[in-house]
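**Student:** What follows is a structure written as structure tokens; I'll ask about it next.
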Amino acid sequence: VQLQASGGALVQAGGYLRLTCAASGLTFRSYNMGWFRQAPGKEREFVAAISWSGGVKGRFTISRDNIENTVYLQMDSLKPEDTAIYYCAAGIGRLVTTVPGYKYWGKGTEVTVSS
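Going by the working numbering, the sequence shown opens with residue 416, and the numbers climb by one from there.
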């Protein structure tokens, strides 16, 4: 299984970014997909998730394309505190917001928001 996150960049506060996670090696449509982030010196935290059936949780706007095996995270009105490495994850079962609830993880993409 591979989860390849992309789209991270340096943006100014108030700006926006769209992160993309391309999945392969799994039956994508059967998996819940989540975005987490980890800032320097902090624990990894939940950002957003979307279930295999389209239910969503969290902040920002998450969406998925079950044809392209891709999940997106649209982040608007970014703040400096949103600076972190953003990770894509895949899990099954109930849609959860915790790290242990996801089986597969990508390597992350870096988002930096300047003030």
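Ideal Cβ positions, reconstructed from N, Cα and C, are used throughout, including at glycine.
1) Could you compute how far the alpha carbon of GLU525 sits from the alpha carbon of SER445?
2) Looking at the secondary structure, which residues open and close the beta strand (DSSP E) in which ILE477 lies?
3) Taking the continuous beta strand (DSSP E) assigned at LEU432, which residues delimit it?
4) In the structure shown, what three-state DSSP assignment does GLY449 receive?
5) With DSSP as the reference, please indicate the residues paired to SER529 in a beta bridge.
6) Ends of the beta strand (DSSP E) at LYS472?
7) Check whether the region 501 to 512 touches the region 451 to 468, taking contact to mean three or more Cβ pairs, one atom from each stretch, closer than 8 Å.
**Tutor:** According to the structure shown:
1) Taking the Cα positions, GLU525 is about 27 Å away from SER445.
2) For ILE477, the enclosing beta strand (DSSP E) starts and ends at 476 to 480.
3) It spans 432 to 439 - the beta strand (DSSP E) in which LEU432 sits, taken as one unbroken run.
4) Strand at GLY449.
5) GLN427.
6) First-last of the beta strand (DSSP E) with LYS472: 471 to 473.
7) Between the region 501 to 512 and the region 451 to 468 there are three or more inter-stretch CB-CB distances shorter than 8 Å, so the stretches are counted as touching.
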